[in-house]
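Be aware that the sequence shown starts at 279, since it is given in this note's numbering, and climbs by one per residue.
From the three backbone atoms N, C-alpha and C, an ideal C-beta is built for every residue, glycine too.
No experiment lies behind these values; they were computed from the predicted model shown.
What follows is a short report on a single structure.
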Amino acid sequence: MRRPAALPVLCVLTATLALASCAGGTSSGGSTPGGTTADGEATSGTQASPSGTDAAYAPFEADNCGTTVTREDAPERIVTVKSAMTDLVLALGVGDRLVGTAYQDGTPDPADPITSGEVATGTAQDSAAILAAVPALGDRMPSHEAVLSVEPDLVLAGWESTFAADAAGERSSYADLGITTFVAPSACTQAPYTPDPLTWDDVFGEVEQVGALLGRTTEADALVDRLDADLASVEQDVQADDAGAEPSDGPTALWWSSGTDTPFVGAGAGAPQLVMETAGLLNVAVDLPGGWGPYSWEAAAAADPDVIVLVDSVWNSVEKKKAFLAENPVTSAMTAVQQQRYLVVPFAATEAGVRNVEAVTTLHEQLTALDTQPQQG
279 MRRPAALPVL
289 CVLTATLALA
299 SCAGGTSSGG
309 STPGGTTADG
319 EATSGTQASP
329 SGTDAAYAPF
339 EADNCGTTVT
349 REDAPERIVT
359 VKSAMTDLVL
369 ALGVGDRLVG
379 TAYQDGTPDP
389 ADPITSGEVA
399 TGTAQDSAAI
409 LAAVPALGDR
419 MPSHEAVLSV
429 EPDLVLAGWE
439 STFAADAAGE
449 RSSYADLGIT
459 TFVAPSACTQ
469 APYTPDPLTW
479 DDVFGEVEQV
489 GALLGRTTEA
499 DALVDRLDAD
509 LASVEQDVQA
519 DDAGAEPSDG
529 PTALWWSSGT
539 DTPFVGAGAG
549 APQLVMETAG
559 LLNVAVDLPG
569 GWGPYSWEAA
579 AAADPDVIVL
589 VDSVWNSVEK
599 KKAFLAENPV
609 TSAMTAVQQQ
619 RYLVVPFAAT
629 EAGVRNVEAV
639 TTLHEQLTAL
649 DTQPQQG
């Protein structure tokens with residue numbers, strides 16, 4: 279069954295919907311929010327045309343990490359910072375609106391029906407060709423000047439820290455120029471906006487909220503329906519494999535994202551924990567707060583997890599990680615290192631977004647394959 283969106287879209291109207299449907303309190307910016315149920319769930323009055331594209335843009339208003347975001351028309355010139363936002367724009371079928379990207383953690387598979395937009399729109403786009411034609415504004419965090427150089431009307435950021443004076447510029451500086459800014463709600467850093475812990479409701483709700491912002495509610499609905507169905511399928515497979523076992527009996531895992539002197543690992547409240555838990559893995563660093571956090575190799579060795587999840591990235595490849603673990607005297611004796619019990623996920627699938635379900639699926643498949651192989655001594 280589909281999970282409901284849990285993110286606060288304050289007011290979403292269609293051209294044919296009466297203004298009276300927008301009811302609610304006043305935001306800190308003085309706007310009048312609405313479109314939420316009594317229990318806080320977002321509602322949408324959008325209507326779709328027969329072609330599957332929204333007949334008219336529904337004016338958008340949302341509380342985004344404490345900043346009120348409003349739009350009266352669909353954004354046409356989008357900059358994305360971080361792959362999760364780029365993947366979502368592509369998945370909603372509006373890659374042609376991209377005018378700049380930055381801090382990309384990898385490229386989506388052109389054959390992927392999710393990120394090609396096929397699931398949402400019925401037509402697959404060549405994501406590789408689209409991205410090749412879009413200016414790269416920086417391998418890491420872009421400057422304010424670089425973002426402004428492509429004249430965006432919307433900047434979508436996967437991290438809240440994007441909008442800082444020493445990064446891509448403060449949100450107020452964009453607002454002064456009439457440019458909308460939006461942070462992935464899963465990346466909000468302050469209470470009460472930070473998901474703690476992140477849930478699938480949060481992930482799917484984020485898809486629907488960005489879909490509303492882009493004027494692609496129909497496509498977002500189709501995308502969430504497919505992601506939810508894929509998730510239900512892999513959850514069923516995991517449950518079948520674990521039939522008869524106690525939840526505490528599952529294989530233990532360490533999620534290693536980056537860092538060598540001090541490993542940066544998946545903690546207990548973010549996408550790594552959600553993905554591991556859904557795949558049937560018990561996170562040895564679950565007591566760490568937040569989505570990711572610093573750990574120690576001594577703690578990792580003491581936990582001696584059954585498997586190690588290696589996050590693959592251009593700047594810190596799986597092969598480099600394996601070599602480090604084998605050569606480091608603290609980690610070389612770990613069971614997972616000795617027996618090469620590694621699971622691999624691409625970095626772009628490790629932050630909240632449309633590739634999280636894919637991450638669950640691939641982890642489960644890899645774990646199943648490991649368990650059918652003879653152990654190495």
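Own chain, CB closer than 6 angstroms to residue i, minus 5 neighbours either side, in chain order
i	result
Pro-328	Note on Pro-328: pLDDT 30, under 50, position unreliable in the model; no value is reported.
Leu-560	Gly-528 and Thr-530
Ser-394	Ala-402, Gln-403 and Ser-405
Asp-435	The residue asked about is misnamed: residue 435 is Ala in this sequence, not Asp. For Ala-435, where only same-chain residues beyond five positions count, the Cβ hits under 6 angstroms are Val-359 and Val-461.
Pro-391	Val-397
Tyr-573	Pro-541, Val-543 and Ala-563
Asn-594	Ser-536
Trp-575	Val-608 and Thr-609
Residues of its chain near residue i, where Cβ-Cβ distance is below 8 angstroms and the 5 sequence neighbours each way are ignored
i	result
Asp-317	Because the pLDDT of Asp-317 is 34, which lies under 50, any placement of that residue in the model is unreliable, and the question is left without a value.
Ala-414	Gly-378, Thr-379, Ala-380 and Gln-382
Val-591	The sequence given here places Ser at residue 591; Val does not occur at that position. So the qualifying residues of the chain are Asp-383, Gly-384, Ser-536, Pro-624 and Phe-625.
Per DSSP, cross-strand counterpart(s) of residue i
i	result
Pro-572	Phe-542
Asn-342	Thr-345
Pro-624	Asp-590
Ala-414	Thr-379
Asn-561	Ala-531
Leu-434	Thr-358 and Phe-460
Ser-536	Phe-542
Distance between beta carbons of residue j and residue i, contact taken as under 8 angstroms
i	j	result
Pro-529	Asp-565	The Cβ separation is near 18 angstroms, so there is no contact.
Cys-466	Thr-472	5 angstroms
Ala-453	Pro-420	That pair is no contact at about 18 angstroms.
Phe-482	Leu-505	6 angstroms
Cys-343	Gln-468	7 angstroms
Pro-353	Leu-492	6 angstroms
Thr-609	Pro-550	Going by Cβ atoms, the distance from Thr-609 to Pro-550 rounds to 19 angstroms, so no, they are not a contact pair.
Val-632	Leu-501	7 angstroms
Best match in the options for proximity to residue i [C-alpha to C-alpha]
i	options	result
Asp-479	Ala-630, Val-638, Glu-643 and Ala-647	Ala-630
Ser-586	Thr-556, Trp-570 and Leu-641	With the sequence shown as reference, residue 586 is identified as Ile, and Ser is not the correct amino acid for it. Ranking the options by Cα distance to Ile-586, first place goes to Leu-641.
Met-363	Ala-626, Pro-420 and Thr-646	Ala-626
Leu-645	Thr-346, Thr-628 and Val-622	Val-622
His-422	Glu-438, Ala-443 and Thr-385	Ala-443
Gln-618	Val-638, Thr-639, Ala-547 and Asp-582	Asp-582
Thr-399	Arg-418, Gly-416, Ala-410 and Gly-373	Gly-373
Val-553	Trp-437, Ala-424, Asp-649 and Glu-636	Glu-636
Ala-580	Val-596, Leu-532, Gln-551 and Lys-598	Leu-532
Gln-517	Trp-534, Ser-451, Glu-555 and Val-488	Glu-555
Arg-275	Ser-439, Ser-511, Pro-386 and Ala-411	One cannot answer for residue 275 here, as it falls past the ends of the chain, which runs 279 to 655.
Arg-349	Val-488, Ala-547 and Trp-534	Val-488
Val-425	Leu-455, Ala-410 and Ile-408	Leu-455
Close Cβ partners of residue i (< 7 angstroms) along its chain, the five nearest in sequence each way excluded
i	result
Ile-356	Val-367, Arg-375, Leu-376, Val-377, Pro-430, Leu-432 and Leu-434
Pro-388	Ser-394, Asp-404, Ser-405 and Ala-406
Arg-449	Thr-345, Phe-441 and Thr-459
Gly-655	Its pLDDT being 49, under 50, Gly-655 is placed unreliably in this model, and the coordinates cannot settle the point.
Could you name each continuous alpha helix (DSSP H) segment of 4 residues or more that falls completely within the segment 578-617, going from the start of the chain to the end? 596-605 and 613-616
| said: Please give me, in chain order, every unbroken run of the alpha helix (DSSP H) with length at least 4 that falls completely inside the segment 440-525. | reply: 449-453, 478-492 and 495-519
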